[in-house]
């Protein structure tokens, strides 16, 4: 994502569990691991939503964001540990990705939210 504006902003990507399905009696989210840029997330779906956040500096004007970076990229990967066995075979899960951004000096009540995918 990239900040092309004149004000710094904070962003937050929330990955919420939308639905689970399958023949298994086990919940796939109990074992599903989320990796951000190849590093395992400290928060899993058993704790609620997985949230990733950061701050991006303005591309023009004076920055107060504490960073000079005006863009960022990251990768998301979802994995089932090998030791989970076949208990989760034929199970599925779907997610909702919500990206929110707000001006650094603003409040989340004034944030702009975009549904990234379903």
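In our numbering, the protein residues as written are 1 to 118.
For glycine and all other residues, C-beta sits at the position ideal for the given N, C-alpha and C.
Inset, instruction - Check each candidate in 53, 42, 30 and name the one with the smallest Cα separation from residue 10. - result: 53
Legend entry - Secondary structure of residue 117, DSSP reduced to three states: Summary for residue 117: the model assigns pLDDT 48, below 50, so the residue's position carries little reliability; its value from the coordinates is reported in the next sentence. Reduced to three states, the DSSP call for residue 117 is strand.
Inset, instruction - Would you check if there are 3 or more beta carbon pairs closer than 8 Å linking the region 84-102 to the region 34-44? - result: no
Inset, instruction - Go through its chain and collect everything with a Cβ distance to residue 50's Cβ below 6 Å, but skip five positions before and after it. - result: 15, 34, 41, 43
Legend entry - Residue environment, residue 197, which counts as buried when at least 16 other CB atoms sit within 10 Å: A question about residue 197 goes unanswered here, because the residues of the chain that appear run from 1 up to 118.
Inset, instruction - Whole angstroms is fine: what's the gap from residue 68's alpha carbon to residue 21's? - result: 43 Å
Inset, instruction - Apply the 10 Å Cβ neighbour rule to residue 60 and answer buried if 16 or more other Cβ atoms are within range, or exposed otherwise. - result: exposed
Inset, instruction - Using 10 angstroms around the beta-carbon of residue 45, count the other beta-carbons present and answer buried if the total reaches 16, otherwise exposed. - result: buried
Legend entry - Helix, strand or coil at residue 55 [DSSP, three-state]: strand
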